Amino acid sequence: MLKLFRRHQYLRQDTLGHSYDVVIIGGGGHGLATAYYLARNFGIRNVAILERSYIGSGGTGRNTTVLRANYKTPDTIRFYQRSFEMYATLAQDLDYNMLRSERGLLWLAHSDPQIRNQRERALQNQQFGVDTVYLDARQVHDVCPELDMSGGGKRPILGAAYHAPGATIRHDAVAWGYAIEAQRLGVSIHQGVEVTGLRIDRGRCVGVETNGGFVAAGQVLSAVGGYVTQITNMAGFRIPIVTHPLQAFVTESYKPVLDRIVASADLHIYVSQSSRGEVLIGAEIDPYSSYSTRSTFPFLASCSSRAIDLFPFLAKLRILRQWTGLCDMTPDYSPLMGVTEVDRLLLSSGWGTWGFKAIPASGISMAELIATGKVPPLIAPFALDRFRRDLAVPERASAGTH
Amino acid sequence: MALMIPCPNCGPRPYGEFWPSGELPEGGHAVDGDVDADYRRVWLRTNIAGEQRERWYHHAGCRRWFSLTRNTLTNAIHDVV
Ligand SMILES: Cc1cc2nc3c(=O)[nH]c(=O)nc-3n(C[C@H](O)[C@H](O)[C@H](O)COP(=O)(O)OP(=O)(O)OC[C@H]3O[C@@H](n4cnc5c(N)ncnc54)[C@H](O)[C@@H]3O)c2cc1C
Ligand SMILES: [Zn+2]
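Order-wise, the sequence lines are chains P and B. Going by my numbering, the first sequence opens with residue -7, and the numbers climb by one from there. Going by my numbering, the second sequence opens with residue -13, and the numbers climb by one from there.
In structure tokens form, the structure reads like this:
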């Protein structure tokens, strides 16, 4: 029986080689998924992931795990819908339990402009086969009886867009599941390896400088979340991204009372209850750009008061944890991904406050781009040069912060 | 802790009372009709991890603009004018 108590090592410790077909900077969901699909779908296994901390230590392990496809523009809906479908079978594909849980997502309206907005969202979603309907106040109450329909006596709830498939999934498990399977297929994963420079020879990226020495690469993918401009500044070009902190917090565990995920655009807040009973609350990004992951008290105070306006029972709960992640925000709230002006250097970025749900679709598409050299139509709208061509993909209203 | 912004007129106040400009455009705000320069000014950012010169507007106080330098890694502020 002794064997039962041995320590289980999930990830092999790989030694850093001198050269790989593909080097991926960043062991978040996007880097890990891209590596997995490179190996599984395209047989490209001489791949290294360089992660300066531990895998999932960035936004991937700090997000509020909302999965949904209720976006606004046709290009974005198509993309997130694909990702949503891939997430539905991901636990089976990777043989790793991810505690995916379908909750139904309410997007509340407390004002006339938001009623219009949410009605329009429902109609637009239906046009593209996404299950979103508009509910009046009575129906909102039926779907989520815990809501204070008077909005704390200040902001009465007038209606909502209801996206029944809206779900949550365990974020760490997504990172671990992709990492373990990618490694099993031959990808090497290096934690504690930081990229400190890029080697560029006549406009072509030939490798990366790291704290473990130079590593040559056929192609380099930057998938570093909020740190992306540190990489592009090394490469000597600028991109339309600014890094903002995003905070969230949980209460102590409470009996299961809240099935739904509830968001309010007017109150800039969203609330859900995790499977272990903690009530999870998220809200808007910090208004100033920063790389600091220190949480702030004004955020906690103002969010708590708005959350109590929706769910009075929260007033008696204590707050257990508060944390901060960094978001690579684009001007149009859509991702920024694909080839760059440096040959063989690619980006998976612009994931902002919305990129966790995008991991499978982005990973499979970036793998296809790296393997074939052709931009898959699914991600073509999110190319880096879209602002120069006046082809922004405006998603501010539906990006929310989850 | 809240980020405290040292307004030259009102003293240190919490960040919620202010609007930040963010990164200042390279070459200032002047528009000269050069499409390429306009593209760079309007869209592209350095998003530096380090010292950044910024303008802040104290909307819930003296309602005036001022300049400061902020370290985006630590949020430490100096050179306020
Ligand atoms: C509080 C919060 C809530 C959120 N809620 C949601 C949500 O509900 N739904 C949703 O879809 N999205 C949400 N997001 C957004 C989501 O978390 C991110 O878009 C997503 O995790 C980005 O994944 P990534 O792989 O691009 O980056 P990350 O997960 O940040 O991974 C990047 C990795 O790169 C590493 N790295 C950085 N620089 C270097 C270097 N020089 N060398 C080596 N490694 C480096 C970092 O250590 C990090 O591990 C939320 C974000 C936050 C902060
Ligand atoms: Zn002032």
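All residues carry an ideal CB built from backbone N, CA and C; glycine is no exception. In this text, all values refer to a predicted model and were calculated from it rather than measured experimentally.
- The beta carbon of P:Phe120 is closer than 6 Å to those of Ile69 in its chain, skipping five residues each way along the sequence.
- Interface flag for B:Val28 against chain P is set, since a Cβ pair is found closer than 9 Å.
- Counting only residues whose CB is nearer than 7 Å to a non-hydrogen atom of ligand 2, the list in chain order is B:Cys(-7), B:Asn(-5), B:Cys(-4), B:Arg(-1), B:His44, B:Gly47, B:Cys48 and B:Arg50.
- Per DSSP, reduced to three states, the secondary structure at P:Trp343 is coil, with no helix or strand assignment.
- The residue among P:Leu98, P:Asp104 and P:Pro137 with its C-alpha nearest the C-alpha of P:Asp123 is P:Leu98.
- Between P:Leu30 and P:Ile181, the C-beta spacing is not below 9 Å.
- A residue is called buried when at least 16 other Cβ atoms come within 10 angstroms of its Cβ; B:His64 does not meet this threshold and is exposed.
- Think of a sphere of 8 Å around the beta carbon of B:Arg31: the chain P residues whose beta carbon falls inside it are Thr221, Arg230, Ile231, Pro232, Ile233 and Val234, in chain order.
- At least one beta carbon of chain P lies nearer than 9 Å to the beta carbon of B:Thr60.
- Around the beta carbon of P:Trp346, a 10 Å sphere encloses 16 or more other beta carbons of the protein chains shown; the residue is thus reported as buried.
- Not one heavy atom of ligand 1 sits closer than 8 Å to the Cβ of B:Tyr1.
- With respect to P:Ile231, P:Leu376 sits close: the two C-beta atoms are nearer than 9 Å.
- P:Leu82 sits in a helix when the DSSP states are folded into three classes.
- Contact annotation for P:Tyr283 against chain B: Ala35, Thr58 and Leu59 [CB-CB distance below 8 Å, chain order].
- Per the Cβ contact rule, the stretch 297 to 315 of chain P is not in contact with the stretch 10 to 23 of chain P (fewer than 3 Cβ pairs under 8 Å).
- Within the DSSP bridge table, the entry for B:Ile63 names B:Arg56 as partners.
- The way I'd put it, the stretch 131 to 141 of chain P doesn't touch the stretch 275 to 295 of chain P; fewer than three beta-carbon pairs between them come closer than 8 Å.
- At a cut-off of 9 Å between beta carbons, B:Ala(-12) contacts chain P.
- Runs of alpha helix (DSSP H) with 4 or more residues, each lying fully within the stretch 17 to 53 of chain B, are found at 21 to 29, listed in chain order.
- Classified as buried, P:Pro157 has 16 or more neighbouring CB atoms from the shown chains inside 10 Å of its CB.
- The stretch 232 to 248 of chain P and the stretch 310 to 326 of chain P touch, with no fewer than 3 CB-CB distances between them shorter than 8 Å.
- Not one heavy atom of ligand 1 falls within 8 Å of the beta-carbon of P:Phe291.
- Judged by the Cβ position, B:Trp29 fails to qualify as a neighbour of ligand 1 at the 8 Å threshold, every heavy atom of the ligand being at least this far.
- Residues of chain B whose Cβ lies closer than 7 Å to the Cβ of P:Asn225 are, in chain order, Thr32.
- P:Cys295 carries a helical assignment under DSSP once its states are collapsed to helix, strand and coil.
- Taking the Cα positions, P:Thr221 is about 13 Å away from B:Glu9.
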